[in-house]
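Student: Per this note's numbering, residue 445 is the first one in the sequence shown, and the count goes up by one each step.
I have a structure here, written as structure tokens, and I will follow up with some questions on it.
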Amino acid sequence: MTESNEAQNMHKQMDEMNKMLLRVISHLARSTDGQTSLVLRDLTQISSTMAALKHSMTGYLSTYERQVGALVGVGSAINSSLGLKRVLEMVMDSLIALMGAERGLLMLREPNGELKVRVARGGDREDLAQEIFSISKTVVQQVAETGNAILTTNAQDDPRFGRQVSVAAYRLRSILCSPLKIKDNLIGVIYVDNRAHTGIFGNNDLSLISAFSNQAAVAIDNASLFDDLQESNAELQIAYQATLEGWVRALDLRDKETEGHTQRVTTLTQRLAQAMGVDEDALLHITRGALLHDIGKMAIPDGILLKPGSLTDEERAQIQKHPIYAYEMLSPIKFLHPALDIPYCHHEKWDGSGYPRGLKGEEIPFAARIFSVVDVWDALISNRPYRKGLPPSEIRTLIQKDSGSHFDPKVVDTFLSLDNLAV
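Structure below.
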């Protein structure tokens, strides 16, 4: 980590003072006076002491800044909206940096009460095999049972680990282990260790890891709640989608003439929307709107909806109310609000002659403008009991002709440029 401005200023001041001392020493060195020699000796000692102090201060500031950086890292994890896996990695890497450790281990308590390793890392952020942490079994067990952090400054001579082969095999010297607790409930354990040549943890480190573990536990608990919420949301989305498809299936079963129409127009609407640059979030709502575009027809009596002959003016007016019925059915459902544009507005026309509200031009929601072209295409290309579907070339001509009157010209241009429209 780069030194702070404060540390740099201190170093600069010490360098300036040392330069002044050296100039005085150089001047006095030319004198032969005995008293001057004593002063010279003292000044030389002062200069050496300042150099040692600077070196010591540099190490202290480096350690301090490293620790502050690690604590800021875990603080960021607390306030983040990251998944549990990423937060565990951040906590582990921050802990190793904080303690200047060679290796680290993080375990979480499973629903059955057992502690399971979730992250095992080296100081270089390398993932390590869990097996090399066999020493941790004894330490972790004690920490889990007592709820207190453990420090050992000489693991090889510590009677608590005397029977642990890995202590000697790995030449472990210093070990720190601390519980992760939320409101006195153990949720896991964090562990770090060092070999003999890298340094020894002290009592200050014990206090530091205990403070760190309190923050880490909060970050981990928040991430767990976030993951649970994401999982619940995914399950809810699946349930919503199944419900929508059930409604559509019910409508298809009711009107055999248009069976399969909904799925076809939904798929083609997705293609057209993507070709027009619609992003994934908006595409989800467009997809739902396409699926539900005719849901309002469930409120139309069978005698009108399934009538084999021509409709009267009154019956046609009733059919044209199905976008209003769709709005009334769907608007109380909050999660479907962004999908209402297609069921409510797909019969509006670019020139304002459509229904139910007579919207004109860009007053018509973009999703409805996209869908209306697709809906007409599928209606004309599909076979009906009373007529055969039209050839694609003829439908292209009709849609191009209605560009600027029935349809948004830009949508028409993009639609007609799609490949494999007849499929």
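For every residue, glycine included, the Cβ atom is placed at its ideal position computed from N, Cα and C.
Note that this is a predicted model, so its numbers are computed, not measured.
Would a C-beta distance cut-off of 8 Å place proline 787 and leucine 736 closer than the cut-off?
Tutor: Yes, the pair counts as a contact, with Cβ atoms nearer than the cut-off.
Student: How close, in whole Å, do the beta carbons of valine 633 and valine 563 come, if the pair is a contact with beta carbons under 8 Å?
Tutor: That belief does not hold up - the Cβ atoms of valine 633 and valine 563 are roughly 12 Å apart, past 8 Å.
Student: Here's the rule: buried if 16 or more other CB atoms are within 10 angstroms of the residue's CB, otherwise exposed. What is lysine 793?
Tutor: Result: buried.
Student: Pull up the DSSP beta-bridge partners for tyrosine 635, would you.
Tutor: Bridge partners of tyrosine 635: Leu549 and Cys621.
Student: Tell me whether aspartate 571 sits in a helix, a strand or coil according to DSSP, three-state version.
Tutor: Correct three-state label for aspartate 571: strand.
Student: How is asparagine 827 classed by DSSP in three states: helix, strand or coil?
Tutor: Coil.
Student: For the 8 Å Cβ check, are there 3 or more pairs between the segment 836–843 and the segment 851–860?
Tutor: Yes, the segment 836–843 touches the segment 851–860.
Student: Taking the runs of the alpha helix (DSSP H) that are 4 residues or longer, which of them lie wholly in the segment 709–795?
Tutor: Complete alpha helix (DSSP H) runs here, min 4: 724–735, 746–749, 757–763, 766–774 and 785–789.
Student: For a test of the three-state rule: what should DSSP assign to alanine 564, helix, strand or coil?
Tutor: Correct three-state label for alanine 564: strand.
Student: Using the Cα positions of asparagine 647 and leucine 595, report the straight-line distance between them to the nearest angstrom.
Tutor: Asparagine 647 and leucine 595: Cα-Cα distance of roughly 8 Å.
Student: If you run the structure through DSSP and keep just helix, strand and coil, what is phenylalanine 810?
Tutor: Helix.
Student: Which of helix, strand or coil does DSSP assign to threonine 596?
Tutor: Correct three-state label for threonine 596: strand.
Student: In terms of residues, what are the limits of the alpha helix (DSSP H) holding arginine 801?
Tutor: From DSSP, arginine 801 is part of no alpha helix (DSSP H); its letter is neither H nor E.
Student: Between the C-alpha atoms of leucine 697 and methionine 536, what's the straight-line distance to the nearest angstrom?
Tutor: Answer to the nearest angstrom: the Cα atoms are 56 Å apart.
Student: What is the rounded straight-line gap between the Cα of tyrosine 799 and the Cα of histidine 850?
Tutor: Using only the alpha carbons, I get a separation of about 12 Å.
Student: Below 8 Å CB to CB, which residues in the same chain sit around serine 408 once its five sequence neighbours on both sides are set aside?
Tutor: Within the shown structure, residues of the chain are numbered from 445 to 867, placing residue 408 beyond reach of any answer.
Student: So, helix, strand or coil for isoleucine 626, using DSSP?
Tutor: In the structure shown, isoleucine 626 sits in a strand (DSSP, three-state: E or B).
Student: Can you list, in chain order, the residues of its chain with a C-beta nearer than 6 Å to that of serine 500? Leave out the 5 residues immediately preceding and following it.
Tutor: Annotation note: pLDDT 47 at serine 500 (below 50); position unreliable, coordinate value reported separately. The answer is none, since no qualifying residue turns up.
Student: Return helix, strand or coil for leucine 526, following the three-state DSSP convention.
Tutor: Correct three-state label for leucine 526: coil.
Student: Give a yes or no on contact between the segment 754–763 and the segment 703–719, applying the rule of three or more CB pairs nearer than 8 Å.
Tutor: Contact fails: fewer than three Cβ-Cβ distances are below 8 Å.
Student: Helix, strand or coil: how does DSSP classify valine 609 here?
Tutor: Note on valine 609: pLDDT 46, under 50, position unreliable in the model; no value is reported.
Student: What's the call for arginine 530, buried or exposed, on a 16-neighbour Cβ count within 10 Å?
Tutor: Flag for arginine 530 reads exposed.
Student: Please list the terminal residues of the continuous alpha helix (DSSP H) segment that includes lysine 845.
Tutor: Looking at the DSSP string, the run of the alpha helix (DSSP H) that includes lysine 845 is 836–845.
Student: Which residues bound the alpha helix (DSSP H) around phenylalanine 859?
Tutor: Phenylalanine 859 -> alpha helix (DSSP H) spans 853–860.
Student: Once the 5 residues before and after isoleucine 626 are set aside, which same chain residues still bring their CB inside 6 Å of it?
Tutor: Correct list, in chain order: Ala661 and Asp665.
Student: Against chain B, with Cβ distances strictly below 8 Å, would aspartate 795 count as a contact?
Tutor: This model lacks chain B altogether; it includes just one protein chain.
Student: Assuming leucine 669 contacts valine 818 under a Cβ cut-off of 8 Å, what Cβ separation, rounded to an integer in Å, is found between them?
Tutor: Contact flag wrong, Cβ pair sits at about 41 Å.
Student: In three-state terms, what does DSSP make of leucine 865?
Tutor: Coil, per DSSP.
Student: Considering just the uninterrupted stretch of the alpha helix (DSSP H) at glutamate 689, what are its terminal residues?
Tutor: Here the alpha helix (DSSP H) through glutamate 689 covers 647–698.
Student: If you drop the 5 nearest sequence neighbours on each side, which residues of the same chain put their C-beta closer than 7 Å to that of isoleucine 839?
Tutor: Same-chain partners within the cutoff: Trp821, Leu824 and Ile825.
Student: Less than 8 Å separating the beta-carbons of serine 676 and serine 622?
Tutor: Their beta carbons are not under 8 Å apart, which means serine 676 does not touch serine 622 by this criterion.
Student: Going along the chain, which residues of its own chain have a beta-carbon closer than 7 Å to the beta-carbon of glutamate 806, five neighbours each way excluded?
Tutor: Here the set comprises nothing.
Student: Below 6 Å CB to CB, which residues in the same chain sit around serine 654 once its five sequence neighbours on both sides are set aside?
Tutor: Result list for serine 654: Ala593 and Ser622, in chain order.
Student: Isoleucine 808 to leucine 680, Cα distance in whole Å?
Tutor: Going by the C-alpha atoms only, they are around 31 Å apart.
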